[in-house]
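Chains as they are written, first to last, in the UniProt record's numbering: chain G, 1 to 652; chain V, 1 to 652.
Laid out in structure tokens, this is it:
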């Protein structure tokens with residue numbers, strides 16, 4: 001078995017991007033029309049990779065916890081987002097170039113300019129030495145912000161660094177003040193910028209032929225869950241906790257989308273809304289994840305200007321109150337386990353707590369799973385405690401109760417004084433005033449009723465309604481002590497929301513999986529785990545000769561029956577070239593058919609990362625590769641079953 | 001084994017709709033906000049059913065034929081749909097009430113009014129007798145068009161019937177003429193209606209912060225395929241035929257959406273674009289489907305006013321030219337086989353050819369798979385030959401070639417006369433006229449060049465350019481015969497497009513699956529095939545007692561490992577009620593755990609349609625139900641493995 005050196009060459013983003021483009025993982029949408037920023041199409045490789053990630057997500061979350069899946073509409077009438085607060089507040093701060101009118105996102109502008117100045121300072125201090133690759137990368141980007149190599153005072157450096165650490169915490173006015181304080185201008189023109197203004201990120205449209213119903217494309221799938229809460233609760237036999245889950249497209253009209261999948265205008269999300277009793281946010285399966293250790297970056301650490309996370313078990317973090325409750329902690333651990341399963345490098349994964357002003361308008365606590373990549377740390381999963389916010393506002397707006405009714409094991413028994421009217425005579429006596437007097441008496445508190453009760457025991461009482469006194473006799477009114485039994489508790493559940501940006505996970509996974517062969521930097525490999533690899537097995541006949549067809553078809557059919565997705569490459573390229581192509585596609589295994597296969601019914605099995613080749617009878621190779629793909633065995637175990645094949649070097 | 005009578009009660013749409021609502025297959029979106037016509041949310045049952053249909057679609061089409069899957073964006077910049085013709089022509093004809101301004105779809109108005117008059121005529125002639133259920137159903141619909149029982153002349157009846165049979169063939173002006181000819185008015189107000197106007201069905205929005213990029217939500221996924229054609233061809237090693245496939249959301253701002261899933265404003269489609277050589281539309285696997293017999297309703301039959309289809313094998317239909325080519329026929333047969341697999345009743349399935357004016361602007365031939373349901377025959381799958389339309393228009397617009405380059409086995413050799421200029425002297429001689437003269441000579445045809453050649457053999461020729469004669473000597477110009485060799489053929493492929501409306505298939509499937517128990521019309525059953533049923537197995541412990549928990553968990557885990565999706569119902573309802581609930585959810589099998597299970601490790605297996613119960617050791621029951629769900633055995637075979645259980649009546 002060969003050993004593999006995956007770090008012989010430093011990470012090269014340009015090469016990776018060329019590979020992803022060449023092998024059609026994704027490409028700018030409408031490319032032949034010049035493209036539109038922030039819109040991407042997934043090709044066969046990207047679609048399969050995404051479908052496999054989604055499939056595993058369904059198993060890991062929906063099937064594992066019997067969540068209730070939903071598929072709700074994207075087009076949403078405006079009143080829903082008016083209630084949810086999105087129309088007023090789902091916005092970013094933008095500034096305009098004071099002369100050209102170009103639009104910039106305010107926080108990005110501050111970040112880019114200050115970072116560039118700090119880099120210039122380092123350069124001036126002779127500490128520059130950006131890694132070579134990064135330097136090269138920067139030159140390629142037309143819009144990368146560059147600052148001259150000017151040394152700053154130590155105090156200014158400290159100021160900049162603190163500002164950057166707190167950046168997510170600033171309001172629009174504060175961002176505007178920073179632009180003036182630090183003289184931040186549009187780097188493209190050196191013009192000043194305007195005061196930050198809010199720009200709503202929802203795409204607007206209108207519904208129906210007359211255009212009278214304004215609508216928005218949803219910026220998240222969550223509202224579709226909340227609006228269906230009563231139906232979901234009913235489906236779950238009225239019991240809480242339970243969760244709904246949805247995988248679907250959402251839209252955000254970003255001010256400045258990045259190149260690539262990290263900030264796009266249309267994306268696939270997977271969201272869970274877990275409904276829980278606000279008085280009991282424990283989780284029945286918390287013990288299963290108690291010992292999972294995460295890198296946590298809490299809000300206090302950030303406020304102090306640091307970005308150094310603490311390694312802590314979920315159990316400890318909840319016990320110490322770093323994470324607000326068990327359910328939030330449970331999902332953070334489950335998110336972590338999911339990301340590892342699909343192939344994210346745990347050393348480049350941390351959980352960062354939102355700072356107070358950064359938090360969405362609905363959240364009471366929120367942690368982001370951030371994944372490190374060539375652009376820095378990127379939020380890929382949010383895990384928020386939305387409390388009762390959404391269900392409460394929709395219920396208030398529509399008058400439709402979005403509550404849980406829980407039968408109490410022990411009814412709550414209370415006693416209180418209740419007025420009893422002799423309705424017939426009361427009406428006759430007070431005529432048109434009767435209603436107002438009755439209403440007034442019914443509105444009285446315990447103490448006042450007791451006072452009246454005492455007076456009635458003497459024969460009558462006098463009440464003053466609208467400044468007019470009325471004498472009420474004990475024949476018309478009695479105050480009686482009654483017992484009340486409350487056997488149902490009614491409450492609005494709180495919502496814990498893990499929310500996944502699948503495109504960001506997919507892209508960072510591709511970065512984490514990419515490397516180049518030690519012997520040739522041009523030979524890129526995507527070491528995607530078999531679980532998510534677009535194709536599991538490549539079937540490679542030595543040539544397109546017809547005599548190989550029956551074996552190709554037999555192996556394809558047997559793999560299909562075993563549920564293993566394979567592709568045949570019978571193109572004219574050499575076997576080495578075909579394997580190199582599939583290393584780029586991330587295909588973990590290859591089966592080669594040659595003349596020996598036709599004679600002896602043997603074939604070879606190649607492993608992508610090591611390029612090891614083994615040989616065995618066809619059915620044994622199929623059984624082995626099936627066990628490999630289903631993670632029942634690993635490659636060293638496969639090597640114990642199948643002897644090495646000596647023709648390796650000749651073929652590659 | 002029991003026998004089942006599924007037709008004891010006539011189909012009752014009201015009961016089905018109540019069931020689908022109660023069991024949250026789907027519900028109006030934003031229901032607590034009053035809903036919006038044409039927008040529906042799928043609940044847990046509907047989402048699962050849809051996911052299973054999609055899963056089978058992927059296997060039946062994408063995996064089976066190694067199609068290239070895509071996932072392209074919904075938001076599309078306007079120029080794409082300007083080129084494709086959608087901005088100009090993707091529209092319906094609408095009329096307005098001349099007084100109230102209410103909007104009606106013109107073809108629906110004509111259809112509803114004429115059908116109502118024909119019904120009134122039948123009633124007057126004493127032939128009325130609508131089936132009882134249908135009558136009841138009509139009363140429920142607020143907007144059902146009713147006409148008085150007035151007898152019409154035989155000629156008028158004939159006129160109306162011919163109009164209805166040809167309805168899909170009329171233009172806007174013709175629909176307007178029909179309204180005047182037959183005095184068709186808005187049935188709600190009896191007011192006249194305006195001339196039909198086009199209403200574009202695309203939802204409009206704009207992209208980016210400055211609003212300068214108009215965009216539309218795609219009304220089909222197809223353009224996303226076409227724009228990526230070059231990349232797909234490259235991925236397929238430059239070979240044709242091949243197919244791309246995509247499953248995704250599309251949007252149409254319908255003028256008058258129907259209640260239910262049959263005409264909605266947002267829907268999930270599954271589309272295949274199969275690229276084929278226009279000179280060879282044969283299909284390599286056609287022989288596999290040659291004998292599949294379909295009900296075909298071709299355009300000539302419809303034009304003659306009939307709606308009676310002909311049963312014909314695909315082989316015969318292609319041979320006779322009823323279906324244009326093998327590839328179109330191949331996909332029609334594959335569509336048919338897919339629909340049967342998911343549970344559509346083949347007796348209620350026909351293929352209707354589009355009439356000339358009805359066909360989309362891009363299509364050269366088109367057949368719809370129509371499925372009969374309580375509202376009539378509904379198009380659920382379209383199968384169109386779009387020819388080279390889309391690739392040609394996008395290529396012309398963008399200048400990006402969307403073509404196949406095919407190496408010719410035998411190069412095509414041609415000879416032709418070619419002018420050769422002595423460039424230096426030619427320029428010197430004719431100065432500023434040189435370019436125009438050269439261009440003129442190069443534009444000449446074979447015959448004219450031969451004439452000049454003859455004159456040059458005499459020393460010189462005279463050409464007239466822009467009315468001015470120029471003498472050209474043989475020193476400045478020679479005409480020579482040259483040989484050309486063409487080794488590559490370049491062509492724009494044609495596209496065969498099967499396009500599936502998944503919501504329509506899902507709804508008609510629910511209608512085809514629904515019936516009521518003979519002994520109780522209120523006990524509805526959805527006989528969904530195990531392949532697509534949302535849940536395959538219901539696990540029912542006798543009660544919520546803790547002693548059953550270990551067995552419930554064991555069986556759940558074993559089924560999960562076998563890939564069988566199950567749910568546990570440990571609610572307090574009686575076992576009979578729990579089974580009745582799951583009959584409504586379409587769950588095909590139930591496993592009951594009682595005290596005998598705890599003692600003897602046996603459990604019972606119940607089949608939904610027959611309500612038969614069998615008994616056996618837990619592992620044997622799990623193995624049997626796994627084989628049943630995977631269609632390896634049927635229920636009679638299962639009954640041979642497991643003995644009958646006698647407690648059936650007691651439990652139900």
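Where is the CB? At the ideal position from N, CA and C, for every residue including glycine.
Because the structure is a prediction, the values reported are computed rather than measured.
Mind pulling the chain G residues with CB within less than 7 Å of residue i?
{"i": "residue 400 (chain V)", "result": "32"}
{"i": "residue 219 (chain V)", "result": "None at all; the shortest Cβ gap to chain G is about 13 Å."}
{"i": "residue 210 (chain V)", "result": "103"}
{"i": "residue 53 (chain V)", "result": "In chain order: nothing, as chain G lies at least about 12 Å away."}
I'd like the span of the alpha helix (DSSP H) that includes residue i, first residue to last.
{"i": "residue 532 (chain G)", "result": "Unbroken run through residue 532 (chain G): none, as it is neither H nor E."}
{"i": "residue 174 (chain G)", "result": "172-181"}
{"i": "residue 485 (chain G)", "result": "Looking at the DSSP string, residue 485 (chain G) is not in any alpha helix (DSSP H); the run it does join, the beta strand (DSSP E), is 477-491."}
{"i": "residue 71 (chain V)", "result": "That residue, residue 71 (chain V), is in no alpha helix (DSSP H); it is neither H nor E in DSSP."}
{"i": "residue 395 (chain G)", "result": "389-398"}
{"i": "residue 453 (chain G)", "result": "446-457"}
Excluding the 5 residues flanking residue i on each side, which residues of the same chain have their C-beta closer than 7 Å to its C-beta?
{"i": "residue 640 (chain V)", "result": "none"}
{"i": "residue 194 (chain G)", "result": "95, 96, 98"}
{"i": "residue 559 (chain G)", "result": "537, 566, 622"}
In chain G, which residues lie less than 8 Å from residue i when you measure between Cβ atoms?
{"i": "residue 197 (chain V)", "result": "By Cβ distance, chain G contributes nothing, its closest Cβ being about 10 Å from residue 197 (chain V), past 8 Å."}
If you drop the 5 nearest sequence neighbours on each side, which residues of the same chain put their C-beta closer than 8 Å to that of residue i?
{"i": "residue 460 (chain G)", "result": "471, 472, 473, 474"}
{"i": "residue 30 (chain V)", "result": "36, 39"}
{"i": "residue 642 (chain V)", "result": "605, 614, 615, 616, 620, 621, 624"}
{"i": "residue 334 (chain V)", "result": "60, 61, 289, 498"}
{"i": "residue 292 (chain V)", "result": "313, 314, 333, 336, 337"}
{"i": "residue 26 (chain G)", "result": "20, 40, 41, 42, 43, 46, 261"}
Show which residues of chain V have a CB atom less than 8 Å away from the CB atom of residue i.
{"i": "residue 43 (chain G)", "result": "68, 70, 228, 231, 232, 235"}
For residue i, list the residues DSSP reports as bridge partners.
{"i": "residue 382 (chain G)", "result": "G:368, G:499"}
{"i": "residue 188 (chain V)", "result": "Its beta-bridge partners do not exist; DSSP assigns none."}
{"i": "residue 567 (chain V)", "result": "V:538"}
{"i": "residue 269 (chain G)", "result": "G:248, G:501"}
{"i": "residue 418 (chain G)", "result": "G:480"}
{"i": "residue 26 (chain G)", "result": "G:42"}
{"i": "residue 406 (chain V)", "result": "V:489"}
Using 8 Å for Cβ pairs, my map puts residue i next to residue j. What's the rounded Cβ distance?
{"i": "residue 536 (chain G)", "j": "residue 530 (chain G)", "result": "6 Å"}
{"i": "residue 515 (chain G)", "j": "residue 6 (chain G)", "result": "4 Å"}
{"i": "residue 265 (chain G)", "j": "residue 254 (chain G)", "result": "5 Å"}
Here's a check: name, in chain order, each residue in its chain whose Cβ is nearer than 6 Å to the Cβ of residue i, leaving out the five neighbours to either side.
{"i": "residue 413 (chain V)", "result": "485"}
{"i": "residue 588 (chain V)", "result": "530, 533, 608"}
{"i": "residue 196 (chain G)", "result": "93, 95, 106, 172, 175, 176"}
{"i": "residue 380 (chain G)", "result": "369, 371, 501, 504, 505"}
{"i": "residue 9 (chain V)", "result": "516, 521"}
{"i": "residue 578 (chain G)", "result": "540, 569"}
{"i": "residue 352 (chain V)", "result": "297, 368, 370"}
Whose Cβ in chain V lies nearer than 9 Å to the Cβ of residue i?
{"i": "residue 204 (chain G)", "result": "205, 206"}
{"i": "residue 266 (chain G)", "result": "73, 74, 75"}
If I follow the unbroken beta strand (DSSP E) through residue i, where does it start and stop?
{"i": "residue 607 (chain V)", "result": "602-607"}
{"i": "residue 213 (chain G)", "result": "213-217"}
{"i": "residue 613 (chain G)", "result": "613-617"}
Note down, in chain order, every chain V residue with its Cβ under 7 Å from the Cβ of residue i.
{"i": "residue 24 (chain G)", "result": "231, 235"}
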